[in-house]
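Undergrad: Here this note's numbering is used: the first residue of the sequence shown is 169, the next is one more, and so on.
Glycine residues also receive a C-beta, built at the ideal position from the N, C-alpha and C atoms.
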Amino acid sequence: MLVLAEAFPRDIDRYLATRPSILVQPMGTIEWHSHHLPLGLDGIVAEQLGRAIAEAADAVLAPISWWAVGGVPFPLTLKLPLGLIEPVFEELYVQFGEMGFAVVVAIAGHFGLEQTLGMKRAALAAMRRTQAFVLPLTEYDTVTDLYPGDHAGRGEASLLQAMRPELVRLDAVPPDQPLPGVLGPEPRGAATAAYGQQIATAIAGRASALAHRLLASPHERARYRDVLGLSVEVMEAVLRLRQSGDKASAPPIGTAAWLAHCTALTEGDYDRAEAALRTKLADLHR
């Protein structure tokens, strides 16, 4: 692994000449994660996951990007607009490609609908402008069998317990009182460092394997791009439904069909991934 911010030009030249040219870009934000987790959880976790992916893939680790789209409706949260941040993502991916990296892996600790849409749509746009292949991942994309994603719940608390246990304060609120802002399984009594390490290890190994598979096969890249485009179509449909009515009653993105497409994509089964996304689209239009 090579750390981009600490590398000299000759280090990058040597890396690009002698190794698979993969760059890993962690992406986080500043956001409310209730009273038991820090505001920078998404970035702290993404940076550690990015390092683990880069080590597993023998890749270059880019500095974390803290600027992300949207956030929860709680205080102390950056809520940057999609129209402002999506072009930044696209330029990051394009310019890393122009440096000579063949695959750019973007790993996001912050993965609301608009953030995920911005990353994946920017990846498609970047791939029309550069030879680099862009692999935009949320932290749960490759591990839906272990962790389907949550916000300040068991999964995120466990990941941080494995990485920075001193930043997890599960006793911050008495157990008989709610933790405001938690979306997903209750972390108190359920979050563990062992579970967090299991998730992190799986993410590193599977994301690395996926990046190398895409690096090795033009056919893989073409099929992945097709499915990525369909996933963007699904997210755009969900976003339109949310914007046209009550967000609380709008359909969620993380249904069984969506998670099935994530699993299939990780395994390289593009037909099954496409079928799951078409099921998701059909469900949205009912």
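Is ILE253 closer than 7 Å to VAL237 when the C-beta atoms are compared?
TA: Working through the sequence shown from its first residue, we reach residue 237 at position 69. Working through the sequence shown from its first residue, we reach residue 253 at position 85. Cβ distance < 7 Å, so VAL237 and ILE253 count as in contact.
Undergrad: Indicate the three-state DSSP secondary structure (helix, strand or coil) for LEU347 in the structure shown.
TA: Stepping through the sequence shown from its first residue, residue 347 is reached at position 179. It is coil, neither helix nor strand.
Undergrad: Go ahead and label ASP318 buried or exposed: buried means 16 or more other beta carbons lie within 10 angstroms of its beta carbon, across all protein chains shown.
TA: Stepping through the sequence shown from its first residue, residue 318 is reached at position 150. Buried, since its Cβ has 16 or more Cβ neighbours within 10 Å.
Undergrad: Would the beta-carbon of PHE301 fall within 7 Å of that of ARG389?
TA: Counting from 1 along the sequence shown, the entry for residue 301 is found at position 133. Counting from 1 along the sequence shown, the entry for residue 389 is found at position 221. Yes.
Undergrad: Can you tell me where the beta strand (DSSP E) with MET169 in it begins and where it stops?
TA: Taking the sequence shown and counting its residues from 1, one reaches residue 169 at position 1. First-last for MET169: undefined, no H or E at that position.
Undergrad: Going by C-alpha to C-alpha distance, which of LEU170, GLU435, THR423, THR434 sits closest to LEU449?
TA: Translated into positions along the sequence shown, residue 449 becomes position 281. The option with the nearest alpha carbon to LEU449 is THR423.
Undergrad: Classify PRO194: buried if its beta carbon has 16 or more other beta carbons within 10 angstroms, exposed otherwise.
TA: Position 26 of the sequence shown holds residue 194. So PRO194 counts as buried.
Undergrad: With the cut-off set at 7 Å, would you say ALA361 and LEU205 are in Cβ contact?
TA: As a first step, residue 361 is located in the sequence shown; it is residue number 193 there, counting from the start. As a first step, residue 205 is located in the sequence shown; it is residue number 37 there, counting from the start. No, the Cβ-Cβ distance between ALA361 and LEU205 is not below 7 Å.
Undergrad: What does the alpha-carbon distance come out to for the pair LEU217 and ARG440?
TA: Position 49 of the sequence shown, counted from the start, is the residue given in the question as residue 217. Position 272 of the sequence shown, counted from the start, is the residue given in the question as residue 440. Straight-line Cα distance between these residues: approximately 27 Å.
Undergrad: Per DSSP, which one or two residues make a beta bridge with GLN193?
TA: For the purposes of this step, residue 193 is identified with residue 25 of the sequence shown, where counting begins at 1. In the DSSP output, where bridge partners are listed per residue, GLN193 has ALA274.
Undergrad: For the candidate residues GLY280, LEU398, ALA290, whose alpha-carbon lies nearest to that of VAL272?
TA: Counted from its first residue, the sequence shown places residue 272 at position 104. Answer by Cα proximity: ALA290.
Undergrad: Does the separation of the CB atoms of ILE367 and LEU327 fall below 7 Å?
TA: Start at 1 with the first residue of the sequence shown, and residue 367 comes out as number 199. Start at 1 with the first residue of the sequence shown, and residue 327 comes out as number 159. A contact, by the Cβ cut-off of 7 Å.
Undergrad: At which residues does the alpha helix (DSSP H) containing VAL400 begin and terminate?
TA: Working through the sequence shown from its first residue, we reach residue 400 at position 232. Its alpha helix (DSSP H) spans residues 386 to 412.
Undergrad: Under a three-way DSSP split, which group does HIS380 fall into?
TA: Against the sequence shown, residue 380 aligns to sequence position 212. Helix.
Undergrad: Along the chain, where does the alpha helix (DSSP H) containing PRO304 start, and where does it finish?
TA: Mapped onto the sequence shown, residue 304 falls at position 136. Unbroken run through PRO304 is the beta strand (DSSP E), 301 to 306; no alpha helix (DSSP H).
Undergrad: Helix, strand or coil, according to DSSP, for HIS319 in the structure here?
TA: Position 151 of the sequence shown, counted from the first residue, corresponds to residue 319. HIS319: strand per DSSP, three-state reduction.
Undergrad: Buried or exposed, going by whether 16 or more other CB atoms sit within 10 Å of the CB of GLY357?
TA: For the purposes of this step, residue 357 is identified with residue 189 of the sequence shown, where counting begins at 1. Answer is exposed; the Cβ neighbour count stays below 16.
Undergrad: I want to know whether the stretch 334 to 353 touches the stretch 178 to 191 - three or more CB-CB distances under 8 Å.
TA: Output reads no: the stretch 178 to 191 does not touch the stretch 334 to 353.
Undergrad: Do you know offhand how far TRP200's Cα is from GLY323's?
TA: For the purposes of this step, residue 200 is identified with residue 32 of the sequence shown, where counting begins at 1. For the purposes of this step, residue 323 is identified with residue 155 of the sequence shown, where counting begins at 1. Distance between the alpha carbons of TRP200 and GLY323 is about 16 Å.
Undergrad: For ALA173, which of ARG297, VAL311, HIS203, ALA230 has the nearest alpha-carbon?
TA: In the sequence shown, the residue the question calls residue 173 occupies position 5. Of the candidates ARG297, VAL311, HIS203, ALA230, the one whose C-alpha sits nearest the C-alpha of ALA173 is ALA230.
Undergrad: Within 10 angstroms of the Cβ of LEU244, are there 16 or more other Cβ atoms? Answer buried if so, exposed if not.
TA: To locate residue 244, count along the sequence shown from 1; it is residue 76. Exposed: under 16 other Cβ atoms inside 10 Å.
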